[in-house]
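First the structure, in the form of structure tokens, and then the observations on it.
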Ligand SMILES: C[S@@+](CC[C@H](N)C(=O)[O-])C[C@H]1O[C@@H](n2cnc3c(N)ncnc32)[C@H](O)[C@@H]1O
């Protein structure tokens with residue numbers, strides 16, 4: 066049996082519980098191996114490869130308090146993040162040297178806005194697309210989505226895409242405990258199938274974006290382009 070099964074009714078409880086156990090400024094479990102250098106490197110690589118032309122519209126689904134959004138914003142880009150848990154969004158907001166306006170949208174999610182920043186605290190599936198993205202950075206987001214939600218999640222990703230949008234995706238390959246999650250285990254072929262079926266073209270694949278302290282896992286990286 067899966068360790069948990071996220072339905073629409075228990076996702077908030079599950080993830081709020083997870084966030085409540087993570088002290089501020091301590092790396093969350095899914096940040097294992099990640100450092101500022103990693104995403105600065107990934108960002109420069111995307112610019113160097115022509116996958117990203119600045120200034121761009123960048124979307125980070127299931128962003129948590131990941132520091133990539135603030136980094137991308139500091140380069141002049143417009144950034145959008147979405148996460149279910151208020152604590153995660155609060156911690157993320159504090160990374161920006163700006164004051165935010167807040168409103169509740171028609172879907173019942175709280176939105177926080179500042180210059181070139183939109184942070185939505187709510188279910189990704191309810192996110193209203195305002196601006197299509199040039200780059201989507203999915204860092205351990207798809208790997209956190211339970212099987213039943215995957216088609217709807219991918220539909221939302223597609224909704225955020227326009228011709229030429231790149232999706233940089235990091236998911237974990239697990240040598241043990243493959244049937245449990247999160248993080249859910251993915252083979253390279255699974256990911257290529259999910260994205261290939263929606264028309265994405267694989268630009269590059271990296272079997273190990275950075276080493277993880279848990280040596281039974283690999284952080285796989287995929288760069289896809291929406292046609
Ligand atoms: C594994 S963490 C990854 C966070 C971030 N991308 C990072 O790598 O630091 C997964 C995140 O997804 C959020 N989440 C889970 N289900 C969600 C949903 N349906 N809509 C929005 N956020 C969700 C959780 O609150 C959690 O912060």
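Residue numbers (the numbering used here): 66 to 292. Don't be surprised by glycine CBs; every beta carbon is placed ideally from N, CA and C. Model, not experiment: these values are computed from the prediction.
Exposure label - residue i; buried when at least 16 CB within 10 Å
i           : result
residue 142 : buried
residue 80  : buried
residue 235 : buried
residue 213 : exposed
residue 41  : Not covered by the structure: residue 41. The range shown for the chain is 66 to 292.
residue 145 : buried
residue 76  : buried
residue 169 : exposed
residue 68  : In this prediction, residue 68 has a pLDDT of 42, which is less than 50 and means its spatial position is unreliable; what the coordinates show is noted afterwards. Residue 68 should be labelled exposed.
residue 237 : buried
residue 239 : buried
residue 246 : buried
residue 285 : buried
residue 198 : buried
residue 195 : exposed
residue 266 : exposed
residue 241 : exposed
residue 229 : exposed
residue 131 : buried
residue 291 : buried
residue 94  : exposed
residue 156 : buried
Bridge-paired residues (DSSP) for residue i
i           : result
residue 288 : 233, 269
residue 147 : 126, 185
residue 283 : 238
CB contact check: residue i to chain C, cutoff 8 Å
i           : result
residue 163 : In the structure shown, chain C cannot be found, because there is only a single protein chain.
Completely contained beta strand (DSSP E) runs for the region 89–136, where each covers 3 or more residues: With a minimum length of 3 residues, the continuous beta strand (DSSP E) runs that stay inside the region 89–136 are 122–126.
Every unbroken beta strand (DSSP E) within the region 154–209, with a cutoff of 3 residues, ordered by chain: 166–169, 175–179, 182–186, 200–204
Validate contact between the region 205–219 and the region 168–179 using beta carbons, cut 8 Å, 3 pairs: no
Contact the region 252–268 vs the region 91–103: 3+ CB pairs below 8 Å: no
Contact the region 216–229 vs the region 178–187: 3+ CB pairs below 8 Å: no
Stretch-stretch touch, CB-based, cutoff 8 Å, three pairs: the region 76–91 with the region 112–123: no
Stretch-stretch touch, CB-based, cutoff 8 Å, three pairs: the region 157–165 with the region 126–135: yes
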